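Presented below is the structure to which this report refers.
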């Protein structure tokens, strides 16, 4: 049973990367694996119910990514954090970032989704504050909010217009800006 | 004919505020005015075709908002720009911001939408550079990119989780950060 849930989550990830959220259907998720639509309906009432569980998986994935950098030096942790949140590591991350931002935008109309994003945002804020403290920031809470806004903003802008190169080059600007914030 | 197109655009705006994009349908747009669905299909092939025209109306609205502040002092122009882009002026702006961000996110999967957002982003960049030059920024292009990323990011974050107060209070942080950027 645990395996079939994991398979459904993997298929949901693939279907989101391929179609985005607005055009997603249970059928399109079923098309991504070989166990059929009825297995999905056995576990989930509808697309929304499934996506809520999927957002828990996303939360766990983000948490694991944060934890994996603990103990490294803070500058390296910040760089890993930027790579991860900007989806710079590989093609699949870039495709997923598209769907992720679409889910986030849709959360404005779905309180149950919004609840999940609040948890994700709190975790990101906590993680960034911790890294900034390590870097010697005098106002880690404030700086974290500015940095997270810049990350989310540039991701939203660049992903929506397909400017992957622009996202890459913005990382340098962000690193310079973070250094400036921390050193002042 | 021009009037009925304007009516359809107004109805689209209202329907987007009420339902968001993912749940939007031609029927829901028709529900917002009294001329019936057939008039919409007379002008537009489908929802996507209609939204493309709607994005041109959005472009014109943004352009008019920028132009309306020309001639004011640059600090006041920057404040007006923040109020407008953060949707702080009234309830309807806040509701529309939700739908706008959803459309932007969906653009990652619709090249025709992405094209419109590129034009909107270029216009925002140009407008912000002009204001920053007036404020005495030494690197208006770079500063503009950072500021626009922060605006978009905080809008995306706060709107998605329904934190309207957080959006209001971030405006002060943004103004402080803009002053700091310009003065360094």
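Protein chains in written order, with our numbering: chain A, 30 to 213; chain B, 30 to 213. We put the beta carbon where it would ideally sit given N, CA and C, even for glycine. Please read all numbers here as calculations on a predicted model, not as lab measurements.
Look at the beta carbons and you see the region 38 to 56 of chain B touching the region 137 to 146 of chain A: at least three pairs across the two are nearer than 8 Å. Relative to residue 69/B, the option among 39/B, 52/B and 89/B whose CA is nearest is 39/B. At a cut-off of 8 Å between beta-carbon atoms, residue 179/B makes contact with chain A. Taking 8 Å as the CB threshold, residue 130/A lines the interface with chain B.
Under the DSSP assignment, residue 83/B falls in the alpha helix (DSSP H) whose first and last residues are 76 to 96. For residue 175/A, the chain B residues whose C-beta falls within less than 8 Å of its own C-beta are 179, 202 and 206, listed in chain order.
Not one beta carbon of chain B lies nearer than 8 Å to the beta carbon of residue 125/A. In this structure, DSSP gives residue 62/B a state outside helix and strand, which the three-state scheme calls coil. The three-state reading of DSSP puts residue 182/A in helix, counting H, G and I together. For residue 109/A, the CB contacts under 7 Å within the same chain, skipping 5 residues up- and downstream, are 98 in chain order. Residue 109/B does not reach chain A, its nearest Cβ partner there being about 20 Å away, counting only Cβ pairs nearer than 8 Å. Annotated three-state conformation of residue 50/B is coil, per DSSP. The criterion of a C-beta distance shorter than 8 Å is satisfied by residue 196/A and residue 115/A. Annotation for residue 200/B: the continuous alpha helix (DSSP H) segment containing it runs 193 to 212. Taking 9 Å as the cut-off between beta carbons, the residues of the region 144 to 172 of chain B near chain A are 144, 146, 147, 150 and 171, in sequence order.
Not flagged as an interface residue toward chain B: residue 211/A, since no C-beta distance is shorter than 8 Å. Contact note: residue 52/B reaches chain A through 138, using a C-beta cutoff of 8 Å and chain order. By the Cβ criterion, the region 111 to 129 of chain A is in contact with the region 179 to 192 of chain A, since at least three pairs of Cβ atoms, one from each stretch, lie closer than 8 Å. Contact with chain A is found for residue 135/B, since one of that chain's Cβ atoms lies less than 8 Å from the residue's Cβ. Straight across, the Cα-Cα distance linking residue 81/B with residue 162/A is about 46 Å. By the CB criterion at 8 Å, residue 164/A and residue 175/B fall outside the cutoff. Close to chain B, meaning a Cβ-Cβ distance shorter than 9 Å, is no residue of the region 71 to 105 of chain A at all. Sequence-distant partners of residue 33/B (beyond 5 residues in either direction) whose C-beta falls short of 7 Å from its own C-beta, in its chain, are 64 and 68. Residue 54/A holds the alpha-carbon nearest to the alpha-carbon of residue 74/A among 87/A, 91/A, 100/A and 54/A.
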